[in-house]
Amino acid sequence: MYKARHAWGFLSIPLILLLLFTFIPSIAALALSFTNYNIFRPLEFVGFANYIEAFQDATFRKAMFNTVYYWLLVTPALVVLPIFVAILVNQKLKGVKLFRLIFYFPTLVSVVVTAILFSWLFAEQGIINYFLSFFGIDPFGWLTNTVTVMPALAIVTIWQGFGYYMLFYLAALQGVPKDLYEAAELDGAGFWRKHISITIPIIKPMIFFVAVISTMGAFKEFTLMLTMTKGGPLDASTTAVYLVFKEAFTNLEMGYASAISFILFALILIITLINQKLLDQNPNK
Amino acid sequence: MEKFKMNKIFLLLLILGSILVIVTACSGAEDTNADTDNSKETNESESEGTNEEASGELSGEIEFMTISLSPTFDEYLNGVKAAFEAEHPGVTVELRDVPFDQVEQIVLTSASSGNMPDVMNLNTEFVKKIGANGALVNMDEAAADVKDTFYEGLWETGGVNGTVYALPWYTTTSGLIYNPELLEKAGFDAPPATYEEAWEMSATILEKTGAYGEVIAPDMQLLFPKNGIDILNEDYTAAAFNTPEAAELWASFKEYYDQGLYPLDIMLNQVSLAELYAQEKVAWWGTGPQLFRQVNDIAPEVYEKSLAGPPLEGEAGKQHANPMNIAVAESSESKEAAIEFAKFVTNADNQLEFGKLASVLPPVEEAVNDPFFEEGAESEDATIRGRYYAAQSLAAAVNMTPATEHVSAVNEIIHTAFQRVILEDVDPADALADAEAEVNSLLQ
Amino acid sequence: MEQPLIDNNLQKLKEPNNNNKSKVAAQRKKFNKRKLLSGSISYIFLLLITVITIVPFLFALSTALKGENDIIFSIPPQLIPDTITLDNFITVWNTLPIPRYLLNSVILTVFGVVLPLILCSFAAFPLARMNFRGRNLVFMLVIATMMIPGEVTMIPTYLIINKLGLMGSYTGVILPGAISVMGIFLMRQGFMGIPREVEESAIIDGANVWQLFWKIMFPMVKPMLGVLAILSFMGAWNSFLWPLIILNDPNTYPITLGLYQLQGAFSSNTRLVAAGAMIALIPVIIVFVAFQRYFIEAAYSSSVKG
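Residue numbers (our numbering), protein chains in the order written: chain A, 969 to 1253; chain B, -16 to 427; chain C, 3 to 308.
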């Protein structure tokens, strides 16, 4: 019933914009990754030198490790926690709209402001340590030792992100027929059983979707590192994209930075394709 | 109901769509205008550029980029602009202020299309980085006539590979703001004069008051030159900091850290010293006096009781001065006018006026000898008194930033090595040796 | 008793397929009891999450309200200032042209929200519903570029904007964000959820493809549009680096950039920064409160239809 011209008609404007501002810049960046571009000097073709350098670079390996570590800290929490929150605020309770608004609130704040807020909270003399001191825990710098810095940043990300994913789930929950719950309740199913047996299967496509989006978010995160830790201490919070940023804008190694980002790109592409396979297997068509 | 809503949405979209078209058209139109204007001016400046040598009349449009000075100093900057334009009727100056953290990205991005601002306020590290890449005008040549008005130690600030690429603008040396109440509690009646004394007092202060004394600040690499240890060799081709003295210095810092004399988050920029000082968690703060006011912003009563003293001295007895710089883009289309403007901004009169406004120091001999900077000697106000001490030390101060384009990388290597000593208990001598090797391979 | 409005609505919505009303009414009593119990547990959780969510804001708000003699950073933290003052807000208002910045932000945000809604739907509709040659290729390209960090493409994008003569214009700020790969992805999910029969019956009724899209398909993905609108809103409102690079006249700055001027080279007055952050939040809250009603309504109506 649809003809190809319909498809291309709809796609034309989006594709032109994508071409101009996404495809062409990406190809340009790919081309740059084979050069020693540093903005000022005339560029030279260097072949795969940047890629070879990346695999020999200990900082790059550490950054890749940190990226995966950060992903593992952040994504499972951001996939699971918001389901629970969405179910909570999807109930017919007094004031539930207000709660939705409050939970979404952190998402609205720019990362720069968030970074300022949490730097106060996490400081050695900060408020979090103040509360921990009641439990006999000696104050320590959350962001200044190599062990706690990533979990601390993950906490910030989760704090900022759970409301965002709550919205996705909230939209998905509207697709769950209410009578299914009523039937389950008549059968005496409790809160957990009700949701695990009814809600989760129905919102499964959304769970996959959130997994994809939050994975990509986690792999691309760097503003937080830039504003809160500068990748430190001892590169413990240097993620791949932070390294890209640093190489490009601090060390003026645009070519090398592009090479790193394409290695990262290959990695995420693989992960996303796997995810996509899983998504498409769903009876959602 | 449903249909009605849909229509409304349609209408909305239609309106928005047409607005977009108009906006696009308008801005497109403006741009073409701007373009033709530009090209006209370029032509003019070119044609008049040839006349320049003959008549000495400058022309063109120059963009002057400053860092985080607007809106506080708008009036001053507009005054400078107006004065310059009055002197050179053919020149228009456009002011643009950018946030400190984004300067480098903006300059680099605009450089990629050849649109770098003509005259730029840049920090020292960045001047060296892009100067070495040929992006900035050689000031040794372009500003040879005004070179002698600057302090020699400061003129070199914008230098890399033997060429100076920027004029020093406003500068500061340190003063010391201190909290006499905390010192008294710890049994001291005067602030420390040297780093050695400072560390000795720190232990007592911590014990008696729970506050810190001396701390390791984010610019800790400067503790090398302050204590007579060079960061790089004379021609900036190899590291020079791997010495027994340096190892000893770091070993003592490690010891102080283990005693809890200072936290690491200050060096890692997690907490600002202004905040710690304002909370009376640290007994003194050695920094440019223009920043003392931050204490007043955070906790006026702490500022009220604070006093100022001369800056702490290391073994070398020298102070570090870190000027902001004014550089001119090599790619500028109105280079002559831009250079003239850079000189104008950094001349004695304008420097003096800005120094008075912002509590900073002019790196120009004539300006800093103004009686204004003598006034603070007896002042009760920490900022004014601090400015007096800072001005006193300016003549002998040098910029200690190593003159290599890899200056940020070198600093980072030193910081990392130090963090390994503190966090991973690496022996200072080993950490320094590793850092030396890394720096050497970088500089080759 | 509790939220009668929504209850009634749901009741009404259910009516058509509810032919054994009395049975339901009898059972309703039974779970009201259970609901009350689980309700209070819910509230405990809700309040707990609220506290975690809101504490950092309270600190920012309290900082913004603190007067000259209140210490900003103190241990134990002082949440309620001794002297509550609006001076910081007034100072911010007087130093910066806040209304102008807000207006600029609103303009940028309206386009930053509306364009992705339309354009991403345009792109997603054929990708989700049509079979045509090259579909997989287009989709692969779209996904692929989603993974390239913006920091790398920033310079090439800048060069293109420069070539198009869009430097310093709002068009230059808006266009690169007018279509987001994430949005295409999201809308594709939305369109994929619509049953085949909807399209078929519309075509039988004589609608052309354009009408089918605007009149039937587009309204059916309202919940996704709601989500995308909120996400784009957030991105557009908070965008910082890109407008900073493209715009060179401070009079055209959006509020995020304008507020940055509160952190000067010599002063960083935390109280003013906090007050500025609060000012930037106010419109966001207003829009969200207004929009949230629409969003939830859209979500409900679609579930009924689906």
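Using N, Cα and C, we set each Cβ at its ideal position, and we do this for glycine too. Treat the numbers as computed from the prediction; the structure is a model and nothing was measured.
H71 of chain B and Q204 of chain B - do their beta-carbons sit closer together than 9 Å? no
What residues from chain C crowd round R79 of chain B, counting only those whose CB sits closer than 9 Å? N250, D251, P252
Of all the options B:F224, B:P246, B:T192, B:L290, which has the alpha carbon lying nearest to the alpha carbon of G170 of chain B? B:T192
Could you name the residues of the same chain whose beta carbon sits closer than 7 Å to that of I1007 of chain A, not counting the 5 residues immediately before and after it, in chain order? L1220, M1222
Going by DSSP in three states, L1061 of chain A sits in which element: helix, strand or coil? coil
According to the Cβ coordinates, are P346 of chain B and T107 of chain B closer than 9 Å? no
In the DSSP assignment, find the unbroken alpha helix (DSSP H) run with T258 of chain C in it and report its ends. 257 to 262
Counting only runs of 4+ residues fully inside the stretch 1011 to 1051 of chain A, write out the alpha helix (DSSP H) ranges in chain order. Within the stretch 1011 to 1051 of chain A, the complete alpha helix (DSSP H) runs of at least 4 residues are 1017 to 1024.
Decide if G369 of chain B is buried, meaning its Cβ has at least 16 other Cβ atoms within 10 Å, or exposed. The residue is buried, with at least 16 neighbouring Cβ atoms inside 10 Å.
Proximal residues of chain B, C-beta to C-beta of I247 of chain C below 9 Å: Ordered by position in chain B, the residues that pass the 9 Å Cβ test against I247 of chain C are Q85, Q88, I89, T92, S93.
Can you tell which of B:Q427, B:G114, B:P411 has its C-alpha closest to the C-alpha of T237 of chain B? For clarity, residue 237 of chain B is Lys in the given sequence; the question names Thr instead. For the residues B:Q427, B:G114, B:P411, the minimum Cα distance to K237 of chain B belongs to B:P411.
Assuming S96 of chain B and L161 of chain C are in contact, meaning their beta carbons sit under 8 Å apart, how far apart are those beta carbons, in whole angstroms? 5 Å
Please decide whether F1028 of chain A counts as near chain B, where near means a Cβ-Cβ distance under 9 Å. no
In the structure shown, what three-state DSSP assignment does M48 of chain B receive? strand
What residue from C:L261, C:I145, C:T272 has the CA that sits closest to N96 of chain C's CA? Comparing Cα positions, the closest option is C:L261.
Examine the ligand PLP and report whether any of its heavy atoms sits within less than 8 Å of the Cβ of D80 of chain B. Ligands in the displayed structure: none, and consequently the ligand PLP is not present.
Helix, strand or coil, according to DSSP, for T270 of chain B in the structure here? strand
Can you pull out the residues from the stretch 271 to 297 of chain B whose beta carbon lies closer than 7 Å to at least one beta carbon of chain C? Flagged, chain order: Q273, L274, R276, Q277, D280, I281, A282, P283, E284.
Grab me the residues of T1191 of chain A's own chain with a C-beta within less than 7 Å of its C-beta, minus the 5 sequence neighbours each way, in chain order. Excluding sequence neighbours, T1191 of chain A sits near V1079.
Should R273 of chain C be flagged as near chain A, meaning a C-beta pair shorter than 9 Å? no
So that I know if they touch, is there some Cβ in chain A lying closer than 9 Å to that of T19 of chain B? Residue placement at T19 of chain B is flagged as unreliable, the pLDDT there being 38, under the threshold of 50; a coordinate-derived value is accordingly withheld.
On the DSSP letters alone, give me the boundaries of the beta strand (DSSP E) that E77 of chain B sits inside. 74 to 81
Kindly say whether I186 of chain C, judged by its beta-carbon, lies nearer than 9 Å to any beta-carbon of chain A. True, the Cβ-Cβ gap to chain A drops below 9 Å.
Assuming L41 of chain B and A325 of chain B form a contact by the criterion Cβ under 8 Å, report the distance between their Cβ atoms to the nearest whole angstrom. L41 of chain B to A325 of chain B, Cβ: 12 Å. No contact.
Any beta carbon from chain B within less than 9 Å of T97 of chain C's own beta carbon? yes
Relative to the C-alpha of A66 of chain B, which residue among B:Y371, B:V328, B:F401 is closest? B:V328
So for H303 of chain B, helix, strand or coil by DSSP? strand
Distance check for V1115 of chain A and L406 of chain B, CA to CA, integer angstroms please. 10 Å
Specify, as a first and last residue, the run of the beta strand (DSSP E) that I160 of chain B falls within. 158 to 161
Contacts of N164 of chain C in chain B (Cβ-Cβ under 8 Å): S96, N98
V1064 of chain A to A1179 of chain A, Cα distance in whole Å? In a straight line, the C-alpha of V1064 of chain A is about 26 Å away from that of A1179 of chain A.
T140 of chain B versus A62 of chain C - alpha carbon distance: 39 Å
Candidates C:G41, C:L110, C:I120, of which the one nearest L985 of chain A by Cα: C:I120
Output yes if chain B places a C-beta closer than 9 Å to the C-beta of G308 of chain C; else output no. At G308 of chain C, the pLDDT of 34 sits below 50, so the modelled position is not reliable; the number obtained from the coordinates is stated separately. Not one chain B Cβ lies under 9 Å of G308 of chain C.
Taking C-alpha atoms, which residue in B:D408, B:E357, B:G243, B:Q273 lies nearest to D1106 of chain A? B:G243
Between the CA atoms of S123 of chain C and V200 of chain C - distance to the nearest angstrom: Rounded to whole angstroms, V200 of chain C to S123 of chain C spans 17 Å at the Cα level.
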